Amino acid sequence: MSSEYKTPSDLLEDERRKRRAEELLRIIPGLPADQAAHAVDRWCSMLGSATSMEEVDRRTFADFRAGLGLGSDGGSAGVLT
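In terms of UniProt numbering, the sequence shown has 33 at position 33, counting the first letter as 1, and numbering is strictly consecutive.
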């Protein structure tokens, strides 16, 4: 039996994850939904859900993309300046 009740902290975390997903789809267009969900999980475990992709350096973002099995080219150019 699972509870559907969410605390204010749960709701805030959900909103942060939604923003990370929106950023990912903007930065890596065409990312399938299942890969986007995996990417958000990876992002939140690497840097925390409150960290925006605009706040990280290129090397961290390249490491993130490599961890997803994506190359370091395309999608990120000009985003993290």
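Ideal Cβ placement from N, Cα and C applies to all residues, glycine included.
All values reported here derive from a predicted model rather than from experimental measurement.
Host alpha helix (DSSP H) of residue i (start-end)
| i | result |
| --- | --- |
| M53 | From DSSP, M53 is part of no alpha helix (DSSP H); its letter is neither H nor E. |
| E15 | 8-27 |
| L47 | 33-47 |
| G69 | G69 -> no alpha helix (DSSP H), and no H or E assigned at all. |
Assigned exposure category for residue i - 16 Cβ within 10 Å defines buried
| i | result |
| --- | --- |
| L12 | exposed |
| A50 | exposed |
Rounded C-alpha distance that separates residue i from residue j
| i | j | result |
| --- | --- | --- |
| F64 | E23 | 14 angstroms |
| A35 | G67 | Note that residue 35 is Gln in the sequence shown, not Ala. If you take the alpha carbons of Q35 and G67, they lie about 12 angstroms apart. |
| G48 | V56 | 12 angstroms |
| G30 | S45 | 23 angstroms |
| F61 | S9 | 27 angstroms |
| H38 | R16 | 15 angstroms |
| K18 | G69 | 22 angstroms |
| R59 | Y5 | 39 angstroms |
Contact belief for residue i with residue j at Cβ below 8 angstroms, rounded distance in angstroms
| i | j | result |
| --- | --- | --- |
| V40 | R26 | Rounded, the Cβ-Cβ distance is 13 angstroms, inconsistent with contact. |
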